[in-house]
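Counting from 1 along the sequence shown, just add 43 to a position and that's the residue number in my numbering.
Note that beta-carbon positions come from the ideal geometry of N, C-alpha and C, so glycine has one too.
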Amino acid sequence: MSRNKDKYESNNPRRQQTFLTAEDIAAGKKTCWHGIEITGSVRNLSPTLWKFEHLTALFLNDNCLTRLPHQIGQLANLRTLDLSTNKLRSLPAELGELIQLRELLLNNNYLRVLPYELGKLFNLHVLGLHGNPLGKDVLSIYNEPNGTSKLLMYMLDNLSGKIM
Numbered sequence: 044m045s046r047n048k049d050k051y052e053s054n055n056p057r058r059q060q061t062f063l064t065a066e067d068i069a070a071g072k073k074t075c076w077h078g079i080e081i082t083g084s085v086r087n088l089s090p091t092l093w094k095f096e097h098l099t100a101l102f103l104n105d106n107c108l109t110r111l112p113h114q115i116g117q118l119a120n121l122r123t124l125d126l127s128t129n130k131l132r133s134l135p136a137e138l139g140e141l142i143q144l145r146e147l148l149l150n151n152n153y154l155r156v157l158p159y160e161l162g163k164l165f166n167l168h169v170l171g172l173h174g175n176p177l178g179k180d181v182l183s184i185y186n187e188p189n190g191t192s193k194l195l196m197y198m199l200d201n202l203s204g205k206i207m
């Protein structure tokens with residue numbers, strides 16, 4: 044992005060965000076971003092990211108993330124989380140705290156298991172798991188008609204008393 048532009052131009056029009064100009068900041072205007080896209084072979088995420096509790100969309104796809112901090116659970120307003128095409132081998136149980144989540148994309152990682160806490164994501168409509176070496180039991184449920192709903196029910200049933 045050049046210094047003269049005040050608008051980030053993404054290839055995806057739904058991900059375009061307008062930044063404040065120096066004049067806007069001087070005038071006291073504020074922004075409340077609802078979505079953030081972080082791409083470019085990122086390996087580590089800043090702890091500051093977990094303070095943006097107002098976020099409804101977080102795009103962390105196409106990076107080199109090997110782990111996701113448990114602080115992800117602090118982003119309680121997330122509706123879309125894209126973690127596709129990273130190097131994730133596991134997910135924190137705190138993902139189950141993101142009860143507003145409607146879309147969770149985990150495609151093309153190294154996930155072998157999923158936390159049973161995902162079963163608490165009652166609003167989830169889209170779950171992307173393609174390209175992961177998941178167990179046969181999980182994949183067979185996921186590949187059935189209405190597989191996302193069935194998989195979430197399976198996960199919830201296997202929480203084994205962790206829900207209060």
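Query: Could you check what DSSP says for I208 in three-state terms: helix, strand or coil?; Result: Past the boundaries of the shown model lies residue 208; the chain is included only from 44 to 207, so the question cannot be answered.
Query: Measuring only the C-alpha atoms, how far is N104 from R122?; Result: 15 Å
Query: At which residues does the alpha helix (DSSP H) containing D180 begin and terminate?; Result: 179 to 185
Query: If L144 sits next to I115, beta carbons under 8 Å apart, how far is it from one beta carbon to the other, in whole angstroms?; Result: Actually they do not touch by this definition, with Cβ atoms about 11 Å apart.
Query: Hey, how far is the Cα of K94 from the Cα of Q117?; Result: 8 Å
Query: Helix or strand or just coil, what does DSSP make of L160?; Result: Sequence check: residue 160 is Glu here, not Leu. Three-state result, E160: helix.
Query: Can you pull the DSSP bridge partners for E146?; Result: T123, V169
Query: Can you tell me which residues form a DSSP beta bridge with A100?; Result: G78, T123
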